[in-house]
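Peer 1: Take this structure first; my questions come after.
Numbering (UniProt numbering), first residue to last: 1 to 405.
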């Protein structure tokens with residue numbers, strides 16, 4: 001039986017998320033989740049009634065999107081933290097520089113997956129219409145392999161659960177700097193799952209996939225959309241591409257639920273990409289997704305974190321902006337200055353420069369001379385990516401003039 005939808009979203013959080021840590025010097029640092037939580041609490045916009053504890057996903061739930069031999073290895077030998085199993089681990093994508101094994105890996109990764117799955121269930125059952133699990137968004141893992149810091153693909157498990165239990169049309173939106181390959185290819189043949197990934201071109205960046213030509217396969221042809229952006233893309237070009245593509249894809253696909261991945265590594269201060277976005281774009285992304293969720297999906301929206309490697313300065317602010325939008329925090333309710341108590345807390349962990357405000361005030365880089373050329377290339381990628389819709393190859397030709405000049 002469906003429950004009455006509550007007016008507030010849920011924020012899935014547990015200190016257990018701190019345990020998903022490959023090593024003390026690994027760039028995928030769970031401190032960013034803790035700091036986002038602390039920033040929101042200090043700002044007074046995350047209350048006790050928003051918080052939901054995750055639970056560990058069961059093996060049966062993990063098998064919705066993963067092979068049994070892979071889950072068994074991660075659960076047993078892969079979680080000892082010992083290197084004696086590395087030869088065997090390599091065939092599962094583990095014990096690598098990117099994704100080494102660590103003690104308790106299965107429990108940590110399964111709890112992250114359980115958090116995203118719990119969010120999906122809350123949204124599906126009508127308990128809440130929005131759910132956020134910032135520990136999730138591990139979009140590179142495949143059914144039988146870890147990849148790119150991702151052990152279990154929580155997004156695939158949650159989407160597979162939705163597919164198994166409903167006939168809802170699922171729109172997956174990925175704005176991480178790195179292409180959402182694990183999600184795209186897992187549902188590449190499925191016409192009920194539409195993936196839209198806007199990312200830095202794979203010419204220079206892992207995983208090297210995500211070209212405009214990757215459009216799906218078989219019955220799923222026309223359900224995968226990729227817009228690879230040129231290195232050093234700035235806010236104006238990024239937002240132009242996101243807004244146009246999202247409206248075109250949403251009107252074409254007519255989703256019933258949105259699942260979004262909010263990597264924060266397109267920021268100009270992130271060292272793991274070559275993008276040049278500011279907090280203005282990280283405010284824009286959840287705002288437009290939120291709008292689409294209410295226009296097409298009766299508000300059903302499940303969101304996760306993702307990449308983001310400036311763990312102290314950038315990620316907490318970027319992810320907190322997702323929650324501010326999801327929770328409908330009115331403009332002006334929260335001062336632009338970050339709380340002093342929060343800044344003091346951050347200082348306990350780092351001496352790195354920390355922006356004292358929610359938004360970036362001024363950039364410490366100059367727009368490169370190729371800015372106009374980059375924008376033109378991105379516009380061409382947008383047009384190419386939307387070609388199958390605009391040409392009438394799939395759906396109708398309603399969008400021939402939709403892209404705004």
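Note that beta-carbon positions come from the ideal geometry of N, C-alpha and C, so glycine has one too.
From a predicted model like this one, the values you see are computed outputs, not experimental measurements.
1. Do you know how far the Cα of residue 328 is from the Cα of residue 58?
2. In this structure, how does DSSP classify residue 357 when only helix, strand and coil are distinguished?
3. Going by beta carbon distance, what residues of the same chain come within less than 8 Å of residue 269, once the five residues before and after it are set aside?
4. In terms of residue numbering, what span does the alpha helix (DSSP H) encompassing residue 323 cover?
5. Roughly how many angstroms separate the alpha carbons of residue 18 and residue 318, rounded to a whole number?
6. Where does the unbroken alpha helix (DSSP H) through residue 181 begin, and where does it stop?
7. Using a Cβ-Cβ cut-off of 7 Å (strictly less than) and excluding sequence neighbours within five positions of residue 206, which residues of its own chain qualify?
8. Ordered along the chain, which non-local residues of its own chain (more than five positions away) have a Cβ less than 6 Å from that of residue 119?
9. Excluding the 5 residues flanking residue 77 on each side, which residues of the same chain have their C-beta closer than 6 Å to its C-beta?
10. Assess contact between the region 154-162 and the region 170-186, defined as three or more Cβ pairs (one per stretch) separated by less than 8 Å. Is contact present?
11. Helix, strand or coil: which one does DSSP assign to residue 88?
12. Quick one: is residue 260 buried, meaning 16 or more other Cβ sit within 10 Å of its Cβ, or exposed?
13. Measure the C-alpha to C-alpha separation of residue 99 and residue 67 and round it to an integer number of angstroms.
14. Which of the three DSSP states, helix, strand or coil, is assigned to residue 52?
15. What residue range is occupied by the uninterrupted beta strand (DSSP E) comprising residue 225?
16. Closest to residue 264 by CA distance: which of 305, 90 and 331 is it?
17. Can at least three beta-carbon pairs, one atom from the region 138-157 and one from the region 283-297, be found at a separation below 8 Å?
18. What's the gap between the Cα of residue 185 and the Cα of residue 344?
19. In terms of DSSP beta bridges, what is residue 367 paired with?
20. Measuring only the C-alpha atoms, how far is residue 292 from residue 247?
21. Closer than 8 Å is the cut-off here; do at least three beta carbon pairs connect the region 332-343 with the region 39-47?
22. Decide yes or no for the touch test of the region 136-144 against the region 221-229: beta carbon pairs closer than 8 Å, at least 3 of them.
23. One question on the structure: do residue 213 and residue 221 come within less than 9 Å of each other, judged by their Cβ atoms?
24. Counting C-beta neighbours from all protein chains within 10 Å, is the total for residue 145 16 or more, i.e. buried, or is it exposed?
25. For residue 59, report the span of its alpha helix (DSSP H) as first-last.
26. Distance check for residue 36 and residue 352, CA to CA, integer angstroms please.
27. Using DSSP with H/G/I as helix, E/B as strand and the rest coil, what is residue 232?
28. Which residue comes first and which comes last in the alpha helix (DSSP H) that contains residue 68?
29. Taking the CB atoms as reference points, tell me whether residue 245 and residue 109 lie closer together than 9 Å.
30. Tell me the residue span of the alpha helix (DSSP H) that contains residue 294.
31. Any idea what DSSP makes of residue 251, helix, strand or coil?
32. Applying the criterion that 16 or more other CB atoms from any shown protein chain within 10 Å of the CB defines a buried residue, is residue 399 buried or exposed?
33. Could you tell me which of 103, 70, 104 and 239 sits nearest to residue 88, measuring between CA atoms?
34. Would you mind working out which of 300, 23 and 38 sits nearest residue 316, comparing C-alpha positions?
Peer 2: Taking the geometry as given:
1. The residue labelled residue 58 in the question sits at position 58 within the chain shown. The residue labelled residue 328 in the question sits at position 328 within the chain shown. Straight-line Cα distance between these residues: approximately 33 Å.
2. Within the chain shown, numbered from 1, the residue matching residue 357 stands at position 357. Of the three classes helix, strand and coil, the one that applies to residue 357 here is strand, per DSSP.
3. Here residue 269 refers to the residue found at position 269 when the chain shown is read from its first residue. 310, 313 and 314, listed in sequence order.
4. In the chain shown, counting from the first residue as 1, residue 323 sits at position 323. Counting along the chain, the alpha helix (DSSP H) containing residue 323 begins and ends at 315-326.
5. Along the chain shown, one-based indexing puts residue 18 at 18. Along the chain shown, one-based indexing puts residue 318 at 318. Rounded to the nearest angstrom, the two C-alpha atoms are 19 Å apart.
6. Position 181 of the chain shown, counting from 1, holds the residue named residue 181. It spans 181-186 - the alpha helix (DSSP H) in which residue 181 sits, taken as one unbroken run.
7. One-based indexing of the chain shown puts residue 206 at position 206. For residue 206, where only same-chain residues beyond five positions count, the Cβ hits under 7 Å are 148 and 178.
8. On the chain shown, position 119 is the one that residue 119 refers to. 12, 131, 133 and 302, listed in sequence order.
9. Against the chain shown, residue 77 aligns to sequence position 77. Excluding residues within five positions, the ones whose Cβ falls inside 6 Å are 85.
10. Because the criterion of three Cβ pairs below 8 Å is met, the region 154-162 and the region 170-186 touch.
11. The residue you call residue 88 lines up with position 88 of the chain shown. Three-state result, residue 88: helix.
12. Position 260 of the chain shown, counted from the start, is the residue given in the question as residue 260. Counting Cβ neighbours within 10 Å, residue 260 comes out buried, since at least 16 surround it.
13. The sequence position of residue 99 within the chain shown is 99, counting from 1. The sequence position of residue 67 within the chain shown is 67, counting from 1. Going by the C-alpha atoms only, they are around 18 Å apart.
14. Taking the first residue of the chain shown as 1, we reach residue 52 at position 52. Reduced to three states, the DSSP call for residue 52 is strand.
15. Position 225 of the chain shown holds residue 225. 224-229 is the extent of the beta strand (DSSP E) around residue 225.
16. Position 264 of the chain shown holds residue 264. Among 305, 90 and 331, the Cα nearest to that of residue 264 is on 305.
17. Because the criterion of three Cβ pairs below 8 Å is not met, the region 138-157 and the region 283-297 do not touch.
18. Position 185 of the chain shown, counted from the first residue, corresponds to residue 185. Position 344 of the chain shown, counted from the first residue, corresponds to residue 344. Approximately 43 Å, taken between the alpha carbons.
19. Here residue 367 is taken as the residue at index 367 of the chain shown, counted from 1. Bridge partners of residue 367: none, in fact.
20. The sequence position of residue 292 within the chain shown is 292, counting from 1. The sequence position of residue 247 within the chain shown is 247, counting from 1. Roughly 8 Å between the two C-alpha positions.
21. yes
22. no
23. Counting from one through the chain shown, the residue named residue 213 turns up at place 213. Counting from one through the chain shown, the residue named residue 221 turns up at place 221. No, the pair does not count as a contact, with Cβ atoms beyond the cut-off.
24. Residue numbering aside, residue 145 sits at position 145 when the chain shown is read from its first letter. By the neighbour-count rule (16 or more Cβ atoms within 10 Å), residue 145 is buried.
25. Against the chain shown, residue 59 aligns to sequence position 59. Counting along the chain, the alpha helix (DSSP H) containing residue 59 begins and ends at 59-62.
26. If you number the chain shown from 1, residue 352 lands on position 352. If you number the chain shown from 1, residue 36 lands on position 36. Looking at the two C-alpha atoms, the distance is approximately 17 Å.
27. The residue you call residue 232 lines up with position 232 of the chain shown. Looking at residue 232 - three-state DSSP - the assignment turns out to be coil, as it is neither helix nor strand.
28. Within the chain shown, numbered from 1, the residue matching residue 68 stands at position 68. Unbroken alpha helix (DSSP H) run through residue 68: 68-75.
29. As a position in the chain shown, residue 245 is number 245, starting the count at 1. As a position in the chain shown, residue 109 is number 109, starting the count at 1. The Cβ atoms of residue 245 and residue 109 do not sit closer than 9 Å to each other.
30. Locating residue 294 in the chain shown gives position 294, counting from the first residue. Run containing residue 294: 279-296, per the alpha helix (DSSP H) assignment.
31. For the purposes of this step, residue 251 is taken as residue 251 along the chain shown, with counting starting at 1. Helix.
32. Here residue 399 is taken as the residue at index 399 of the chain shown, counted from 1. Caution is warranted here: a pLDDT of 41 is assigned to residue 399, below 50, making its placement in the model unreliable, and no coordinate value can be reported.
33. Position 88 of the chain shown, counting from 1, holds the residue named residue 88. It is 70 whose Cα lies nearest to the Cα of residue 88.
34. Taking the first residue of the chain shown as position 1, residue 316 is located at position 316. Taking only the C-alpha atoms, the option nearest residue 316 is 38.
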